[in-house]
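Please read the structure below before turning to the comments.
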Amino acid sequence: QVQLVESGGGVVQPGGSLRLSCAASGFTFGSYGMHWVRQAPGKGLEWVAFTRYDGSNKDYADSVKGRFTISRDNSKSTLYLQMTYLRTEDTALYYCAKDQVVGASTAFDIWGQGTMVTVSS
Amino acid sequence: DIQMTQSPSTLSASVGDRVTITCRASQSISTWLAWYQQKPGKAPNLLIYKASSLESGVPSRFSGSGSGTEFTLTISSLQPDDFATYYCQQYNTYWTFGQGTKVEIK
């Protein structure tokens, strides 16, 4: 079945780095745009980053621009989020999510279960 | 940036009630709006896309309407499984979520 599985979360000190992964299965990963969305404990959803199906275009929320890098390896059906210069306010559950439609700005129809990132000294 | 504002933030209702949640965009987004349901400890689940299109597998008691800057999600007859938090999302320009509406048991 269509599935996204995140990994790589953990506890990191402020200023540290972490790389998240999202393994996709059950669909043609290389055809769809992919996103990272986060949710701080007890808070709402915040879009973080997007990569076009081929990785040629990437967008970031202002809150992470210059610190986070989204990438993908279509040969491995895997999405990544490299997070650097982490701040306490980056503490959240990080979800990867799939575009609903090929080649257009769309809603997100498939979500992973999330991986928790805690930034604390 | 496009801001999305949901109201109310919390809604108390009973099983069988008709429930309406409103979402307002800070500028026109045409019909590029989605609604998600999220239950505690779970990922969001897509209910409605393009303002009024029902995602496959979603019960028909859920419906969406609106265009431009004002949108509504309606649950025609609230069921026990519907107590959850609901988020709107615009995807006209980048992607922005509303702050959420928690539907709780009255």
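Chain order of the listed sequences is G and E. Numbering-wise, the working numbering puts 39 at position 12 of the first sequence, and it's gapless, one number per residue. Numbering-wise, the working numbering puts 82 at position 77 of the second sequence, and it's gapless, one number per residue. No residue lacks a Cβ here, since even glycine has one placed at the ideal position from N, Cα and C.
Beta carbons nearer than 9 angstroms to chain E: which residues of the stretch 65-98 of chain G have them? Residues Q66, K70, G71, L72, E73, W74, F77, D86, A88 and D89.
Counting only beta-carbon separations shorter than 9 angstroms, does E60(E) have a partner in chain G? Indexing the second sequence from 1 puts residue 60(E) at position 55. Taking 9 angstroms as the threshold, the shortest C-beta distance from E60(E) to chain G falls below it.
Nearest-angstrom Cβ-Cβ length linking S44(G) and M110(G), presumed shorter than 8 angstroms: Sequence index remark: in the first sequence, residue 44(G) carries index 17 (1-based). Sequence index remark: in the first sequence, residue 110(G) carries index 83 (1-based). Between M110(G) and S44(G) the Cβ distance is about 6 angstroms, and since that is below 8 angstroms, they are a contact.
Going by the beta-carbon positions, is the gap between M143(G) and R99(G) smaller than 9 angstroms? Position 116 of the first sequence, counting from 1, holds the residue named residue 143(G). Position 72 of the first sequence, counting from 1, holds the residue named residue 99(G). Not in contact: M143(G) and R99(G) (Cβ atoms no closer than 9 angstroms).
In angstroms with no decimal places, state the Cα-to-Cα distance between S33(E) and Y96(E). Sequence index remark: in the second sequence, residue 33(E) carries index 28 (1-based). Sequence index remark: in the second sequence, residue 96(E) carries index 91 (1-based). Rounded to whole angstroms, S33(E) to Y96(E) spans 11 angstroms at the Cα level.
How many Å lie between K85(G) and R114(G) at the Cα? Locating residue 85(G) in the first sequence gives position 58, where the first residue counts as 1. Locating residue 114(G) in the first sequence gives position 87, where the first residue counts as 1. Between K85(G) and R114(G), the C-alpha separation is close to 22 angstroms.
Best match in Q84(E), E60(E) and Y92(E) for proximity to I110(E) [C-alpha to C-alpha]: Position 105 of the second sequence, counted from the start, is the residue given in the question as residue 110(E). Cα-wise, what sits closest to I110(E) is Q84(E).
Closer than 7 angstroms at the beta carbon, the chain E residues around F54(G): Looking up residue 54(G) in the first sequence gives position 27. Under a criterion of Cβ atoms nearer than 7 angstroms, no residue of chain E is adjacent to F54(G); the nearest Cβ is some 14 angstroms distant.
Measuring only between beta-carbons, confirm whether P13(E) sits less than 9 angstroms from chain G. Stepping through the second sequence from its first residue, residue 13(E) is reached at position 8. With 9 angstroms as the cut-off, P13(E) does not count as an interface residue toward chain G.
Any chance the stretch 30-43 of chain G sits against the stretch 130-144 of chain G, with 3 or more Cβ pairs inside 8 angstroms? yes
Three-state secondary structure assigned by DSSP to S90(G): By one-based count along the first sequence, residue 90(G) stands at place 63. Three-state result, S90(G): coil.
Considering only the alpha carbon of each residue, which of Y80(G), W63(G) and T55(G) lies closest to S48(G)? Sequence index remark: in the first sequence, residue 48(G) carries index 21 (1-based). The option with the nearest alpha carbon to S48(G) is W63(G).
Would you call the stretch 7-14 of chain E and the stretch 63-75 of chain E touching, i.e. three or more CB-CB distances under 8 angstroms? The answer is no - the stretch 63-75 of chain E does not touch the stretch 7-14 of chain E, with fewer than three Cβ pairs under 8 angstroms.
Assign G82(G) to one of three DSSP states: helix, strand, or coil. Counting from one through the first sequence, the residue named residue 82(G) turns up at place 55. It is coil, neither helix nor strand.
By Cβ distance, which residues of its chain are closer than 6 angstroms to S57(E), with the 5 residues on each side in sequence left out? Counted from its first residue, the second sequence places residue 57(E) at position 52. Leaving aside the five residues that flank S57(E) on each side, the residues in its chain whose CB is nearer than 6 angstroms to its CB run, in chain order, G69 and S70.
Does the stretch 43-56 of chain E come close enough to the stretch 87-101 of chain E that 3 or more CB-CB pairs lie under 8 angstroms? yes
Starting from the C-beta of G69(G), find all residues in its chain whose C-beta is less than 7 angstroms away, skip the five residues before and the five after it, and write them out in chain order. Locating residue 69(G) in the first sequence gives position 42, counting from the first residue. Once the five neighbours on either side are set aside, G69(G) has no close Cβ partner at all.
Report the residues of the stretch 71-82 of chain E with a CB closer than 8 angstroms to any CB of chain G, ordered along the chain. none
Comparing the C-beta of T133(G) with each C-beta of chain E, is any distance below 9 angstroms? Here the question's residue 133(G) lines up with position 106 in the first sequence. Cβ-Cβ to chain E under 9 angstroms: yes for T133(G).
Applying a beta-carbon distance threshold of less than 9 angstroms, which residues of chain G neighbour Q94(E)? Residue numbering aside, residue 94(E) sits at position 89 when the second sequence is read from its first letter. Correct list: L72, W74, A134 and F135.
Quick check: what's the CA-CA separation for L51(E) versus V91(G)? Position 46 of the second sequence, counted from the first residue, corresponds to residue 51(E). Position 64 of the first sequence, counted from the first residue, corresponds to residue 91(G). In this model, L51(E) and V91(G) are separated by some 25 angstroms (Cα to Cα).
Under a three-way DSSP split, which group does T115(G) fall into? Along the first sequence, one-based indexing puts residue 115(G) at 88. Helix, per DSSP.
By the criterion of Cβ-Cβ separation under 8 angstroms, what are the contact partners of L16(E) in chain G? What you label residue 16(E) is simply residue 11 of the second sequence in a count that begins at 1. Chain G residues near L16(E): none, gap ~15 angstroms exceeds 8 angstroms.
Give the secondary structure of G69(E) by DSSP, where H, G and I count as helix, E and B as strand, and everything else as coil. Stepping through the second sequence from its first residue, residue 69(E) is reached at position 64. G69(E): strand per DSSP, three-state reduction.
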